[in-house]
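So the sequence shown is numbered by the numbering used here: it starts at 212 and just counts up by one. Glycine is no exception: its CB is placed at the ideal position from the N, C-alpha and C atoms. Only a predicted model underlies this, so the values are computations on that prediction, with no experimental measurement involved.
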Amino acid sequence: MDRKDFFYELPAYLIAQQPIEKRDGSRLMVLDRKTGCVEHRMFTDITGLLRPGDCIVVNDSKVIPARLKGLRIRSSEPEILNKRQDVELLLHERIEGNRWTALAKPGKRAKPGDEMIFGGGRLTAKVVDIINGGLRVVELIHDGELEPLLEEIGEMPLPHYIEEKQTDTARYQTVYAKADDAGASVAAPTAGLHFTEELLGDIQKAGVKVARVTLHVGIGTFRPVKTDDITQHHMHSEYCRVSPETADMINETKQNGGRVIAIGTTSCRTLESRVESRVATHATHCRTPENRATTHRAVLPGAGKTDIFIYPGYDFKVIDGLLTNFHLPESTLIMLVSALAGRENTLAAYRQAVEREYRFFSYGDAMLIL
């Protein structure tokens, strides 16, 4: 299957640059994945589209202000020793302690031995190593806790297609996000941005369970598919976790005939990674028929890394539905949606979204696939 099979025309003016005034005020396209039929609703209608006994699964990872702008103050090259140069660092993933992987811009200003200062010297990053994909291993030096410091001196790592200055960065965070010692996200699980605490309360009052998983979104979410043959694309691994309580809730839902509906592609990828003997520490590409199954398997609690890449031909083991935003052409995300709803159904729905001027991408409108 070719990358170009997932292309669609999108006028630039439909890319949402700011969140709408109310979180739950977005439009909602409802797509029947079996028939391809589409309904046009408002997001607050979602409560009536769910059934008692269903379970929605949210990703509670928190986005940190991981983009840092500062100066390189020392280099391993003697001729430019102590020459100050502008540099940008995007923290990616904590390795252990104060060591993180990060992306540096420009990369030539982040060689092993270099140091960068941010926040007027309140945070120093020393480059320890360069690893795969141009990632830097940096050691952070600072006083006190890191997260409060980042809140003061860092910036939210918004996607490249959001060009306007943001006045309320708290809107690039779900209402249920929580800090996690295992790490944090460098991009929001955007399907969850539509929910308010009140709406979640209404959903639970209607007899629908709300379960939490964690997947810390990494830089792979910004990286395009570059291979024409999509089966040759490799996802960056990301940390994910399913608690025993969540696993029990989901397995009970399936056993009782309820539907499991993933809120966002990250929740979907987490659940599909934690099935029976398929553990998240192993690659789970859907490359061969041996990877496929037609019956539900139990979700296992646990934590680890996943690089699962879901595209058409994949048979879903856990989820019955998906709430998601509208995604970039030729991205791994629209490929995942196409795996669930069918490529033709998905592209036809996207054409309707363009014609009806839905808002696209992170701050855009939503699609519910059932």
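Less than 9 Å separates the beta-carbon of Cys479 from that of Leu547. Shown here, Ser484 sits in a helix according to DSSP, grouped into three states.
Going by C-alpha positions, Arg423 is about 30 Å away from Thr246. Beta-bridge annotation (DSSP): Gly431 is not paired with any residue.
The stretch 347-363 makes contact with the stretch 331-339: 3 or more CB pairs, one atom from each, lie closer than 8 Å. In the same chain as Ala399, and ignoring 5 residues on each side of it, the C-beta atoms closer than 6 Å to its own belong to Val274, Tyr383, in chain order.
Selection Asp213, Ile373, Gly403, Val471 evaluated against Thr385 yields Gly403 as nearest (Cα-Cα). Residue environment: Phe254 is assigned as buried (16 or more neighbouring CB atoms within 10 Å of its CB, all protein chains considered). Cα atoms of Ala315 and Leu351: separation of roughly 14 Å, rounded to the nearest angstrom. Beta-bridge annotation (DSSP): Glu307 is paired with Arg310. Where Asn270 is concerned, the enclosing beta strand (DSSP E) starts and stops at 266-270.
The alpha carbon of Leu539 has as its nearest neighbour, out of Thr557, Leu533, Ile530, Pro523, the alpha carbon of Thr557.
The stretch 414-431 and the stretch 258-273 touch, with no fewer than 3 CB-CB distances between them shorter than 8 Å.
For Asp271, the closest C-alpha among the options Tyr574, Thr481, Gln229, Gly308 is that of Thr481. With contacts defined by Cβ atoms closer than 9 Å, Val249 and Gln563 form a contacting pair. The C-alpha of Phe329 is placed about 47 Å away from the C-alpha of His251. Leu225 is positioned such that its CB atom lies closer than 9 Å to that of Phe571.
The beta carbon of Arg310 sits closer than 8 Å to the beta carbons of Val339, Val348, Val349, Glu350, Leu351 from its chain, once the five residues preceding and following it are set aside; these are given in chain order. Linking Lys280 to Ala390 through their CA atoms gives a straight-line distance of about 23 Å. Straight across, the Cα-Cα distance linking Leu534 with Ala552 is about 12 Å.
In the DSSP annotation of this structure, Leu511 is not part of any beta strand (DSSP E), being labelled neither H nor E. Counting along the chain, the unbroken beta strand (DSSP E) around Asn536 starts and ends at 532-536. Secondary structure in the stretch 437-475: the alpha helix (DSSP H) runs of 4 residues or longer, each lying completely within the stretch, are 455-466 in chain order.
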